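A short write-up of the structure that comes next.
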Amino acid sequence: MPVNSLSDGRKAWQRRNRVQTFSQWAMWLIGTAVFVYCWQHISDATTWFFVWDAPKIADDILTRAMPPRWSYIDQLWDPIWDTLNIATLGTMIALALAVPVAFLAARNTTPSALLIRPIALLIIVATRSINSLIWALLLIAIIGPGVFAGIIAIAIRSIGFCAKLLYEAIEEIDATQVEAITATGASRWQVMAYGIVPQILPSFAGTAVFRWDINIRESTVLGLVGAGGIGLQLSSSLNTLAWPQVSLILLIILVAVIVSEWVSAKVRGAII
Amino acid sequence: MSDELAAVLGKRWRRPPLIRRRWLRWALGVGFLVYFIAAVSSVEVNWSRVYEGLDRGAAFILAFATPDFASRATDIWEGMLESLVMTVAASVVGIAISIPIGLGAARNIAPLPVYLVCRFIVAISRALQEIIVAILLVAIFGFGPLAGFLTLSFATIGFLSKLLAEDIEAMDRSQAEAIKASGARWLQWINYGVQPQVMPRLIGLSMYRVDINFRESAILGLVGAGGIGATLNTAFDRYEYDTAAAILIIIIVIVMALEYLSGIIRARVQ
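Residue numbers (the numbering used here), protein chains in the order written: chain A, 1229 to 1500; chain B, 233 to 502.
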């Protein structure tokens, strides 16, 4: 236990010994230096005149945006429907693709831990680390703007997430059940269907709903790069500085996010 | 039990369904099918355009084999540096702010008014996506990394405060009680009774958030909030797939490195 000698010879407890104290101090010093450097960089790239003006601008935008233009909602039903479709169909395609990837990536079901598992893990990392907006940007260049590009973008982005959660669930299954099915003389596919799938089905359903919730959020902004949905209206309203429309769209997005989170929480609560 | 057994005996075993109630199962199935048909029929796909695009898709995939790091090296370097700088600064500030808010949002240590205010901040921050916050902040503060930095800090607060508060609510009360019984002041109580219990998870979550912040910083450039996104967008617009592939590869490598680093750190603190 680290102790410190007081001036009158008594000993007092302290939290760290000398080496720990110094290394702690050095870490704080390095951390602070890095942060100051970063802040300097940001500060140099900022036009501070605009920042000092910010409260006035914010106030100006707010007064322009209020009240929302409620009549504009007539033109929003179609984009809302598109947004819902992008999220739902994208999630379904992602799940269809994520299941095989998950089985290939899980240590206990992969056919080859040396060759196939790293490939499956690479797919998971690569699709997960790139944001759906970037995928949308890429797909628009390839297959043209529209809802279809959005669906595929959401699907690709979600593969990694779903496959990661699924393969972790597969690795955590109870091996004795699988063994029991194997002992009855079941084939490889029967073991899969009766030993593994029933164990991961709840986590599969949970993952699906969870990802659907996230995808609703993401699909609302995909239109900013031209991939369909309500983001398209948001982007055109922003470009024409139609702030009352912007505020209405933001309100709708907020409601959509809250509703989808509520639905996903309810469904997951019912499953688990 | 015997009734149940008698009912089951002599019948072929069937797998129990995921949803027990029959009407709910059917209603969900039929409802989903109707929705699915309606959704698929409303999606317009221009297949000839897709077919034309396949060449470009192939070109892009091939570009991953020959990424071009060199011809736009300075743009890529500056964009990446800006992304990393935004990530670090926003993570530091976001974590620093989310600790008091997380303390306030934990029902077992905060009084009700503080709790409600903090939960409200968390809810607002979680409901607004990064990119929308970034659009608004760019409109207010002008183009540049400051808007991106503020966006990421704001998003970090919602994420980290919520999880920290949940962790504090789930902590062991007796340890905190023991510290309190020794006559500790409020700050000492937090520092010695609460903080050691939540620290490992806080560090893990912070590392995870750094990872997310970096990934998000890559897209903030699309709306003018600084970072690599602007360079990436330009590369796509000019069909310079080899440069775009180079940027994506760098992003993936940095994300993987961050995940690896956070794995090491989490293993050390737990």
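Glycine included, each C-beta is placed from N, C-alpha and C at the ideal position.
Nothing here was measured: the structure is a model prediction, and the numbers come from that model.
- In the three-state reduction of the DSSP assignment, A:ASN1232 falls in the strand class.
- DSSP lists A:ASN1232 as the bridge partner or partners of A:ALA1240.
- At least one C-beta of chain B is nearer than 7 Å to the C-beta of A:ARG1445.
- With respect to the 7 Å criterion, A:LEU1476 and A:PRO1296 are classified as neighbours on the basis of their beta carbons.
- At a C-beta separation below 7 Å, A:CYS1266 has these neighbours in chain B: VAL317, VAL320, ALA321.
- Under the three-state reduction of DSSP output, A:LEU1343 falls in the coil class, being neither helix nor strand.
- B:SER414 sits in coil when the DSSP states are folded into three classes, being neither helix nor strand.
- Residues of chain B whose Cβ lies closer than 8 Å to the Cβ of A:ILE1486 are, in chain order, ALA359.
- The beta-carbon separation of B:ARG351 and A:ALA1369, rounded to 42 Å, does not stay under the 8 Å limit for a contact.
- Rounded to the nearest whole angstrom, the C-alpha separation of A:LEU1482 and B:TRP418 is 38 Å.
- Cα atoms of A:THR1316 and B:SER274: separation of roughly 13 Å, rounded to the nearest angstrom.
- Straight across, the Cα-Cα distance linking B:GLU472 with B:ALA408 is about 58 Å.
- In the three-state scheme derived from DSSP, where H, G and I count as helix and E and B as strand, A:LEU1332 is classed as helix.
- With 16 or more other Cβ atoms from the protein chains shown falling within 10 Å of its own Cβ, B:GLY326 counts as buried.
- Interface criterion met: the Cβ of A:THR1275 is under 7 Å from a Cβ in chain B.
- By the rule that beta-carbons nearer than 7 Å mark a contact, B:MET431 does not touch chain A.
- Contacts with chain A (Cβ-Cβ distance below 7 Å) from the segment 363–397 of chain B involve ILE363, ILE364, ILE367, ALA371, ILE372, PHE373, GLY374, GLY376, PRO377, LEU378, PHE381, listed in chain order.
- Not a single CB atom of chain B sits nearer than 7 Å to the CB of A:LEU1469.
- Contact annotation: in the segment 288–304 of chain B, residues whose CB is within less than 7 Å of a CB in chain A are ARG288, GLY289, PHE292.
- Under the 10 Å beta carbon count, A:PHE1250 is surrounded by fewer than 16 other beta carbons and is classified as exposed.
- Segment contact: the segment 1449–1456 of chain A against the segment 1355–1372 of chain A, three or more CB-CB distances shorter than 8 Å; contact assigned.
- If you check the CB distance, A:THR1435 and A:GLY1388 do not come in under 7 Å.
- Residue range 461–469 is occupied by the alpha helix (DSSP H) that includes B:ASN465.
- Taking a C-beta cut-off of 7 Å against chain B, the contacting residues of the segment 1314–1331 of chain A are THR1316, LEU1317, listed in chain order.
- Neighbours of A:PHE1389 across chain B, judged by C-beta separation under 9 Å, do not exist; the nearest C-beta is about 12 Å away.
- For B:MET312, no CB of chain A lies under 7 Å from its own CB, so it is not counted at the interface with that chain.
- Contact with chain A is found for B:ARG281, since one of that chain's Cβ atoms lies less than 7 Å from the residue's Cβ.
- By the Cβ-count criterion, A:MET1255 is exposed, with fewer than 16 other Cβ atoms from all chains shown falling within 10 Å of its own Cβ.
- Note on B:ASP399: 16 or more other CB atoms within 10 angstroms of its CB, so buried under the neighbour-count rule.
- In terms of CA proximity to A:ALA1455, A:LEU1367 leads the group A:ASP1302, A:LEU1367, A:TRP1276.
- Interface with chain B (7 Å Cβ-Cβ cutoff): A:GLY1372 is included.
- A direct Cα-Cα distance of roughly 11 Å separates B:ALA402 from B:LEU395.
- Judged by beta-carbon spacing, B:GLY459 lies beyond the 7 Å limit of B:PHE375, meaning their Cβ atoms are not closer than that value.
- Looking from the CA of B:ALA450, the closest CA among B:PRO345, B:LEU237, B:LEU464 belongs to B:LEU464.
- By the beta-carbon neighbour count (other beta carbons within 10 angstroms, threshold 16), A:VAL1485 is buried.
- Nearest to A:TRP1241 by C-alpha distance, out of A:ASP1287, A:ASP1402, A:THR1412, A:PRO1230, is A:PRO1230.
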